[in-house]
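Following: one structure in structure tokens, then a few remarks.
Residue numbers (my numbering): 710 to 1032.
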């Protein structure tokens, strides 16, 4: 049946559009496919046809003839003028396709059906003052949960980098300096996730040697686990004569993470060890500033690593020793 069909259309819709090359066909280029009669001009050029013209545009790009824009208005020169200050100055905009196009994408989860979520998302983004908004993705996560929506829009303003206030990157000690300090004066810490909180991954990455944690510097670590009462953590520090307490607190409902920090500080004061022990708390919702407000020596948030905590422990102990 297939052959009969092909015969009926006489070779297909492309029949008659392919032409055999003439016997003297020549293409003096480096890369070529098919018949190319180079020998008619120079048999020595068979393996390098472009030598017949002193190199094609692959070898000599100067042979490429530039044709300028034909439209006086819609052309590259005008488009370059529009983005000049962003390419040569200190102002920036978000960009996705073109320089400083201002395009951003916002992802949100809305607790409703897909169609309702789509139009609700557009209203949210309108109130954010984005322009040219468009829903580009929608996905029902679960009917009882809602819909994930992605919206594209254009930011109508720019930012001058000269006006930014950027905090300095936290300074860290070298691995060698930390190890030398711990070797000269050993350190012991107790750690746990406090409160009714079963999160453990973040704290384990801070202390475990296999994750580049503080154990690799020779710090003796005692991990008590998750959902540990504040009192138990402090009592363990007293029993072990620990130099420091590391507490992880992830759950943040009703600011319980900060309440636990304050409780940890207060209990250490009550037990009479606050001036003898270093306390550091960490978690995804922890900020250094608010942690210090609760009486904690240091707070560690997102992207904190073992070396940041080890640096704090070494420097804080030096500070306490000099008092």
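No residue lacks a Cβ here, since even glycine has one placed at the ideal position from N, Cα and C.
Out of the options, state which residue places its alpha-carbon closest to the alpha-carbon of residue i.
i: residue 1028; options: 987, 947 and 822; result: 987
i: residue 846; options: 816, 855 and 871; result: 816
i: residue 729; options: 1021, 940 and 745; result: 745
i: residue 837; options: 884, 813 and 992; result: 813
i: residue 993; options: 980, 958, 939 and 971; result: 958
i: residue 962; options: 905, 731, 748 and 736; result: 905
i: residue 1005; options: 995, 823, 749 and 805; result: 995
i: residue 966; options: 939, 1013 and 811; result: 939
i: residue 822; options: 740, 723 and 858; result: 858
i: residue 818; options: 889, 808, 833 and 807; result: 833
i: residue 793; options: 779, 804 and 808; result: 808
i: residue 937; options: 824, 964, 909 and 919; result: 909
i: residue 902; options: 751, 740, 941 and 731; result: 941
Since residue i contacts residue j with CB under 8 Å, what's their CB separation in whole angstroms?
i: residue 926; j: residue 887; result: 5 Å
i: residue 1018; j: residue 947; result: Not confirmed; about 21 Å, so no contact.
i: residue 912; j: residue 943; result: No, residue 912 and residue 943 are not in contact; Cβ-Cβ is about 17 Å, not under 8 Å.
i: residue 990; j: residue 983; result: Not a contact, Cβ separation roughly 14 Å.
i: residue 873; j: residue 953; result: 35 Å between Cβ atoms; not a contact.
i: residue 1015; j: residue 921; result: 5 Å
i: residue 763; j: residue 749; result: In fact, because the Cβ distance is near 18 Å, the residues do not count as touching under 8 Å.
i: residue 761; j: residue 751; result: 6 Å
Label residue i either buried or exposed according to how many other C-beta atoms from any shown protein chain fall within 10 Å of its C-beta, with 16 as the threshold for buried.
i: residue 915; result: buried
i: residue 727; result: exposed
i: residue 715; result: Reliability of the predicted coordinates at residue 715 is poor, the pLDDT of 49 falling under 50, and no value is obtained from them.
i: residue 781; result: exposed
i: residue 755; result: exposed
i: residue 949; result: exposed
i: residue 969; result: buried
i: residue 928; result: buried
i: residue 1009; result: buried
i: residue 1085; result: Nothing can be reported for residue 1085: it is not among the residues displayed for the chain, which extend from 710 to 1032.
i: residue 891; result: buried
i: residue 747; result: buried
i: residue 1116; result: The displayed coordinates of the chain run from 710 to 1032. Any statement about residue 1116 would go beyond what the structure contains.
i: residue 740; result: exposed
i: residue 698; result: Because the chain is modelled from 710 through 1032, residue 698 falls outside the range shown and cannot be assessed.
Take residue i and list the residues in its own chain whose beta-carbon comes closer than 6 Å to its own, dropping the five residues that flank it on each side.
i: residue 871; result: 799
i: residue 820; result: 855
i: residue 1020; result: 881 and 882
i: residue 753; result: none
i: residue 711; result: Here residue 711 scores only 49 on pLDDT, less than 50, and its place in the model should not be relied on; the value that follows carries that caveat. Excluding positions up to five away in sequence, the list is empty.
i: residue 723; result: none
i: residue 736; result: 745
i: residue 843; result: 861
i: residue 955; result: 898, 900 and 989
Within a Cβ cutoff of 7 Å, which residues of the same chain sit near residue i, ignoring the five residues on either side of it in sequence?
i: residue 930; result: 898, 900, 916, 923 and 924
i: residue 738; result: 758, 759 and 765
i: residue 1011; result: 993
i: residue 803; result: 811, 812, 813 and 864
i: residue 841; result: 862 and 863
So, at 8 Å on beta carbons, what are the nonlocal neighbours of residue i in its own chain, with the 5 sequence-adjacent residues on each side left out?
i: residue 951; result: 897, 898, 899, 931, 945 and 986
Q.
For the structure I just gave you, are there three or more beta carbon pairs, one from the stretch 895–910 and one from the stretch 862–872, closer than 8 Å?
A. With a cut-off of 8 Å, the stretch 862–872 and the stretch 895–910 do not count as touching, because too few Cβ pairs lie within range.
Q | Contact between the stretch 853–863 and the stretch 995–1006 (3+ Cβ pairs under 8 Å) | A | The count of Cβ pairs closer than 8 Å, one atom from the stretch 853–863 and one from the stretch 995–1006, stays below three, leaving the stretches out of contact.
Q) Can you find at least 3 beta carbon pairs, one from the stretch 798–806 and one from the stretch 765–779, that sit closer than 8 Å? A) Taking 8 Å as the limit for Cβ pairs, the verdict is that the stretch 765–779 does not touch the stretch 798–806.
Q | Inter-stretch contact (C-beta, 8 Å, three-pair minimum) for the stretch 785–793 and the stretch 820–838 | A | Counting Cβ pairs under 8 Å, fewer than three are found: no touch.
Q: Could you tell me whether the stretch 849–859 touches the stretch 868–884, using the rule of 3 or more Cβ pairs below 8 Å?
A: Output reads no: the stretch 868–884 does not touch the stretch 849–859.
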